[in-house]
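Number of protein chains: 2
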Amino acid sequence: MNSNFTLAVHSLTYLALLPGRMSTSEAIAESASVHPVRIRRVLSLLKKHGFISSKEGTGGGFILQADPNDVTLWQLYRLTSAGSLSPKCPAANEQCIVGANMETVLSSIFSDAESYMGQYLSSYSIESMVEMVKQTK
Amino acid sequence: MNSNFTLAVHSLTYLALLPGRMSTSEAIAESASVHPVRIRRVLSLLKKHGFISSKEGTGGGFILQADPNDVTLWQLYRLTSAGSLSPKCPAANEQCIVGANMETVLSSIFSDAESYMGQYLSSYSIESMVEMVKQTK
DNA sequence: TTTAACTGTGACAAATAAAATTACATTTAT
DNA sequence: ATAAATGTAATTTTATTTGTCACAGTTAAA
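Protein sequence lines, in the order shown, are assigned to chains A and B. Position one of the first sequence corresponds to residue 1 (the working numbering), numbered consecutively onward. Position one of the second sequence corresponds to residue 1 (the working numbering), numbered consecutively onward.
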């Protein structure tokens, strides 16, 4: 799993803390200690799904569009990391009953496990992240 | 996540299908299409925890010790992949309220998510894997 | 008692995946 | 015009995962 999910959560939480004003990819990148280009790539995806809007040029940047209460971690997980749970088996031996079927069986189990975990991740919103981040201060 | 969990499940399922007799790391490796040394490393861990025993020398190999009904995927997940869910954030910016606390908050969420998923993985045993692998035939 | 077939591990190489960097086109306020 | 931004492709660097080699120890059996 790459950390796009983490960065999505981080970015939206950051934006939620600065409502109504533009933040640059550089500012967010500095907060998350990653490269601005990486932030822009993740935000590009979030923009495509309407969570944020952006503005180019001087004074531009990113701004939250969605209600932080409506955005759950499960939505963001699916967007950025769906299927990443499932450990990729190498193409196993078709001659062997285990090799031939293990991938199918495990994929199905992990797919269900991911949905199951989704219930849990659905209980967290960006607003709840904001609250937690403030509290942990 | 590396595929040690997958290999552990694969190996134990393989051994459960051949009860009472020794299987070599080479045979298991061929079934899983990985290198025998990798299988031996994973099995070394399973041995340390009593799931299997091994015998060196000619005619040696690995054999299941535990009751396949008693070994759950959650046990094996914890053994091989505990914590791997949690996406590692780079050490973020301590000057920023988001950067300073995001890792703590997300780590805690992911740790709980993993436990939550554990409930689901606990519902699968090696014996159930054997049955599924046979059925999918 | 020598040989061949195993496990057990350390050390290193190769392959893959993730992240950073560079480059540059485009937009926009000043 | 210029400077500050996004948007994205291409490339390089770094980290992780996997494979390979080497070899010591164990065991059965010729």
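Each residue gets a CB set at the ideal place from its N, CA and C atoms; glycine is no exception.
If distances are taken between C-alpha atoms only, which option among the options comes closest to residue i?
i                  : options                                   : result
Leu-18 of chain B  : B:Gln-135, B:Thr-136, B:Val-130           : B:Val-130
Leu-12 of chain A  : B:Ile-126, B:Ser-125, B:Gly-99, B:Ser-115 : B:Gly-99
Met-22 of chain B  : B:Asn-4, B:Ser-53, B:Pro-36               : B:Ser-53
Gln-65 of chain A  : A:Ser-81, A:Leu-46, A:Pro-87              : A:Leu-46
Thr-24 of chain A  : A:Phe-51, A:Gly-50, A:Phe-62              : A:Phe-62
Val-42 of chain A  : A:Gly-60, A:Gly-57, A:Lys-55, A:His-10    : A:His-10
His-49 of chain A  : A:Ala-8, A:Glu-56, A:Gln-95               : A:Ala-8
Glu-114 of chain A : A:Glu-94, A:Glu-56, A:Gln-75              : A:Gln-75
Gly-59 of chain B  : B:Leu-79, B:Ser-44, B:Tyr-77, B:Glu-26    : B:Glu-26
Lys-88 of chain B  : B:Ser-111, B:Leu-73, B:Lys-55             : B:Ser-111
Asn-2 of chain B   : B:Leu-121, B:Leu-79, B:Tyr-116            : B:Leu-79
Thr-136 of chain A : B:Glu-103, B:Met-117, B:Lys-55, B:Thr-136 : B:Glu-103
Gln-119 of chain A : A:Leu-73, A:Lys-55, A:Val-105             : A:Leu-73
So which residues of chain B does residue i contact, with C-beta pairs closer than 7 Å?
i                  : result
Gly-61 of chain A  : Correct list: empty, because the minimum Cβ distance to chain B is about 16 Å.
Glu-30 of chain A  : Asn-93
Ile-126 of chain A : Simply none; closest approach about 11 Å.
Look up residue i in the DSSP assignment and say whether it is helix, strand or coil.
i                  : result
Thr-104 of chain B : helix
Lys-134 of chain A : helix
Gly-61 of chain A  : strand
Lys-47 of chain A  : helix
Thr-6 of chain B   : helix
Ser-23 of chain A  : strand
Ser-53 of chain B  : strand
Ser-122 of chain B : coil
Pop quiz: residue i and residue j are said to be a contact at Cβ under 8 Å. What is the actual Cβ separation, rounded to whole angstroms?
i                  : j                  : result
Ala-92 of chain A  : Ser-31 of chain B  : 7 Å
Ile-109 of chain B : Tyr-14 of chain A  : Going by Cβ atoms, the distance from Ile-109 of chain B to Tyr-14 of chain A rounds to 17 Å, so no, they are not a contact pair.
Ile-97 of chain A  : Val-133 of chain B : 6 Å
Pro-68 of chain B  : Ile-126 of chain B : 4 Å
Phe-51 of chain B  : Val-71 of chain B  : 6 Å
Ser-81 of chain B  : Asn-4 of chain B   : 7 Å
Quick one: which chain A residues come within Cβ less than 7 Å of residue i?
i                  : result
Thr-136 of chain B : Asn-101, Thr-104, Val-105
Ser-54 of chain B  : Here the premise fails: no neighbours, minimum Cβ distance about 19 Å.
Val-71 of chain B  : Correct list: empty, because the minimum Cβ distance to chain A is about 15 Å.
Leu-121 of chain B : Ala-113
Which residues in chain B have a C-beta closer than 8 Å to the C-beta of residue i? List them in chain order.
i                 : result
Val-9 of chain A  : Met-102, Leu-106
Thr-13 of chain A : Val-98, Met-102
Checklist line | Against chain B: residues of the segment 17–46 of chain A by CB proximity under 8 Å | finding: Flagged, chain order: Leu-17, Glu-30, Ser-31, Ala-32, Ser-33, Val-34.
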